[in-house]
Amino acid sequence: MLIVASSNADVVMKAAMAVLRDGGPALDAVAVAIRAVEANPHDHTVGANGYPNLLGELELDASIVDGRTREAGAVAAMKGFAHPISVARKVMETLPHVLLVGAGAERFAREMGFEAREDLLDDDTRAAWETRLTRDMPREVFERVAEQPDLWRWVKLASDAERALSTVNVIARDARGDIASGVSTSGWAWKYPGRVGDSPIVGAGNYADNRHGAAGCTGMGEMALRAATAHRVVIGLEMGLNVEQ
Numbered sequence: 005m006l007i008v009a010s011s012n013a014d015v016v017m018k019a020a021m022a023v024l025r026d027g028g029p030a031l032d033a034v035a036v037a038i039r040a041v042e043a044n045p046h047d048h049t050v051g052a053n054g055y056p057n058l059l060g061e062l063e064l065d066a067s068i069v070d071g072r073t074r075e076a077g078a079v080a081a082m083k084g085f086a087h088p089i090s091v092a093r094k095v096m097e098t099l100p101h102v103l104l105v106g107a108g109a110e111r112f113a114r115e116m117g118f119e120a121r122e123d124l125l126d127d128d129t130r131a132a133w134e135t136r137l138t139r140d141m142p143r144e145v146f147e148r149v150a151e152q153p154d155l156w157r158w159v160k161l162a163s164d165a166e167r168a169l170s171t172v173n174v175i176a177r178d179a180r181g182d183i184a185s186g187v188s189t190s191g192w193a194w195k196y197p198g199r200v201g202d203s204p205i206v207g208a209g210n211y212a213d214n215r216h217g218a219a220g221c222t223g224m225g226e227m228a229l230r231a232a233t234a235h236r237v238v239i240g241l242e243m244g245l246n247v248e249q
């Protein structure tokens with residue numbers, strides 16, 4: 005049994021490992037760990053209270069992959085639901101699809117009985133958004149930001165060195181040897197509305213295959229999208245390369 009995860013999952017590793025020790029599947033261990041990070045109000049890169057987009061809206065992405073079957077589920081640009089990893093798993097288990105986005109993901113979440121929340125951001129996170137934007141954006145523009153015809157000009161704010169480009173990544177192998185991987189994120193702070201990075205894209209930010217291994221990506225999602233990084237890593241393992249190679 006094994007769990008590998010990004011550093012922001014450190015606090016939930018014991019709970020995830022307990023799932024495996026009790027005989028639970030790798031998929032459950034991955035979901036337990038990621039849900040806990042999504043619920044952490046102090047982590048602004050994942051789940052509830054993540055940093056919002058340029059309009060102050062929280063859009064969440066996640067994916068989960070079953071290495072035994074290569075089945076996968078994902079959601080992107082989903083608003084109003086705190087646990088995208090759980091919705092992604094329901095997509096995998098319930099639908100013939102892999103990826104749902106935006107309003108479709110939100111409708112599906114409601115149909116599956118997930119609790120919708122009006123506002124997932126606390127006052128401090130909203131204040132951080134306002135402080136950062138008004139550092140470069142005139143107050144009169146900020147006050148009417150949703151009405152701006154050239155919002156694209158302000159997307160440079162998404163390259164905010166003070167805000168980590170991060171996700172939560174968890175890979176687990178259970179007692180049966182089955183592997184699962186999951187990734188969840190709120191994406192770049194102050195991103196252009198609708199931006200989707202690598203995290204919900206199977207093969208770019210997340211991939212698992214019992215036969216060879218698994219990979220999850222963090223950092224600048226656009227780079228992982230362009231290189232299909234997670235899948236390329238697993239293909240490298242299939243070719244006989246070690247992880248470093």
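Numbering (the working numbering), first residue to last: 5 to 249.
In this text, a Cβ means the ideal position worked out from N, Cα and C, and glycines have one as well.
Exposed unless 16 or more other CB atoms sit within 10 angstroms - verdict on residue i
i	result
His-48	buried
Asp-26	exposed
Arg-39	buried
Gly-54	buried
Leu-58	buried
Glu-63	buried
His-235	buried
Pro-88	buried
Arg-93	buried
Lys-195	buried
Leu-177	Here the sequence assigns Arg to residue 177, which means Leu is not the residue at that position. By the 10 Å Cβ count, Arg-177 comes out buried.
Pro-256	Nothing about residue 256 can be read from this structure; the chain reaches only from 5 to 249.
Gly-117	exposed
Gly-225	buried
Ser-163	exposed
Asp-65	buried
Ala-228	buried
Gly-244	exposed
Residue i to residue j span [Cα, whole Å]
i	j	result
Ser-170	Gly-209	12 Å
Lys-83	Glu-110	7 Å
Ala-30	Asp-70	8 Å
Ser-10	Pro-197	26 Å
Trp-133	Gly-60	7 Å
Ala-76	Arg-130	33 Å
Thr-73	Asp-140	48 Å
Val-41	Trp-192	17 Å
Ala-20	Ala-33	5 Å
Lys-18	Arg-114	31 Å
Ile-205	His-101	13 Å
Trp-156	Leu-6	43 Å
Gly-217	Glu-122	39 Å
Phe-112	Leu-104	8 Å
Trp-158	Gly-201	18 Å
Ser-188	Pro-153	31 Å
Asp-127	Ile-175	33 Å
Residue i - partner residues in DSSP beta bridges
i	result
Gly-251	Limits of the chain in this structure are 5 at one end and 249 at the other, which puts residue 251 out of reach.
Thr-189	Asp-65
Ile-175	Val-8, Ser-185
Val-213	A small correction: the amino acid at residue 213 is Asp; Val does not occupy that position in the sequence shown. Bridge partners of Asp-213: Gly-217.
Gly-104	The question names Gly, yet the displayed sequence has Leu at residue 104. Paired residue(s): Val-79.
Val-206	Asn-210
For residue i, three-class secondary structure by DSSP
i	result
Leu-252	The question about residue 252 has no answer here: the residues shown for the chain are numbered 5 through 249.
Met-227	helix
Asp-32	helix
Met-21	helix
Ala-200	Looking at the sequence itself, residue 200 is Val, so the reference to Ala does not match. In the structure shown, Val-200 sits in coil (DSSP, three-state: anything other than H, G, I, E or B).
Val-50	coil
Gly-240	helix
Asp-123	coil
Lys-195	coil
Met-96	helix
Arg-148	coil
Ala-86	coil
Val-159	helix
Ala-43	coil
Val-247	coil
Asp-128	helix
Phe-112	helix
Ala-37	helix
Ala-234	helix
Asp-26	coil
For residue j and residue i, believed in contact at Cβ under 8 Å, the rounded distance
i	j	result
Gly-254	Asn-214	Limits of the chain in this structure are 5 at one end and 249 at the other, which puts residue 254 out of reach.
Ala-52	Ala-86	4 Å
Val-8	Val-172	Incorrect: roughly 12 Å between the Cβ atoms, too far for contact.
Phe-146	Thr-138	5 Å
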